[in-house]
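Numbering (the numbering used here), first residue to last: 17 to 338.
Beneath this line is the structure, given in structure tokens, with notes to follow.
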């Protein structure tokens, strides 16, 4: 969509709010947008990490004399956290709401479904889905209010899902539903915003494996079968993911994938979702339908083989922990 339209998401002079901005992908996004001239508000839970992140983002600024930076400590899993947070942003930002909101805060604790506790799924749903939904609801109420200004340049709401919202595998039962729900929310509100006179764009970014502090925590609980199935997946640094994601947003993409595997998975499930490019996405969707003839039997074969080799998965987990 951005091949002939130039940069669809210029950030110079704009105010960008980023959740999950103290480490990993969130911090990389913040630094790179700072390098493009954005004013940045960092949101995360830990004050000390936010202070360090703020200095790194300031150091990356395109114009240190003009750009402004701020941080707010907040827990995105807390009900109704977003409206007070945005009120603080407006107070800091001369009474104006942010121009771009990018929800990146998230967590993953992989386990097999019957081995997990339901509290784990609820926690991941609270952080991943409701954390994004709360912020989306609060910012859209501001951007789309009857008295909100009608501007030529759009506001941008960006959600960060996962390739596991396109196709999931064993081990991600506590995690994947939160990202699938996010995709459903994005598909819904991306159509609803078309009814309003204000110009608002919704986007969803689908990272895969990010070599971040969060991933280091994640692999502590990852089941062995999950590791086997993911062994050939591309792995990217936070900086690589941020760079490709920002490029996709600048191109005006709705579903933004950051590696070849994510692109293939996207083409395999588009359904009625918006297309980035109707011709390319339609042709590749046909092509990927053929690929699944070979890929799915391979994945299912590995899963069945694992079960036969290791016996009951819960017993195998107990033996491994012992």
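Beta carbons are placed, not taken as given, at the ideal position from N, Cα and C, and that holds for glycine.
For residue 202, there is no enclosing beta strand (DSSP E); the residue is found in the alpha helix (DSSP H) stretching over 192-208. In this structure, the alpha-carbon of residue 288 lies about 46 Å from that of residue 81. Of 258, 138 and 76, the smallest CA-CA separation from residue 223 is found for 258. By the Cβ criterion, the stretch 323-332 is not in contact with the stretch 294-306, since fewer than three pairs of Cβ atoms, one from each stretch, lie closer than 8 Å. Residues 283 of the same chain have their beta carbon placed closer than 7 Å to that of residue 300, with the five preceding and five following residues left out of the count. By the criterion of a C-beta distance shorter than 7 Å, residue 158 is surrounded in its chain by 102, 113 and 164, once the five residues flanking it on both sides are discounted. In the assembly as shown, residue 239 is a buried residue. Its beta-carbon has 16 or more other beta-carbons within 10 Å. Comparing alpha carbon positions, the residue from 275, 39 and 213 closest to residue 249 is 275. Assigned with DSSP and collapsed to three states, residue 55 falls in strand. Residue 314 counts as exposed, since fewer than 16 other beta carbons sit within 10 angstroms of its beta carbon. Contact between the stretch 230-247 and the stretch 168-179 is not established, with fewer than three Cβ pairs separated by less than 8 Å. Taking a cut-off of 8 Å for Cβ pairs, the stretch 147-158 and the stretch 260-270 do not touch, as fewer than three such pairs fall below it.
Separation of residue 216 and residue 99 (C-alpha to C-alpha, rounded to the nearest whole angstrom) is 18 Å. With a 10 Å radius around the Cβ and a threshold of 16 neighbouring Cβ atoms, residue 310 comes out exposed. For residue 174, the enclosing beta strand (DSSP E) begins and ends at 171-176. Here the alpha carbon of residue 262 sits roughly 33 Å from the alpha carbon of residue 128.
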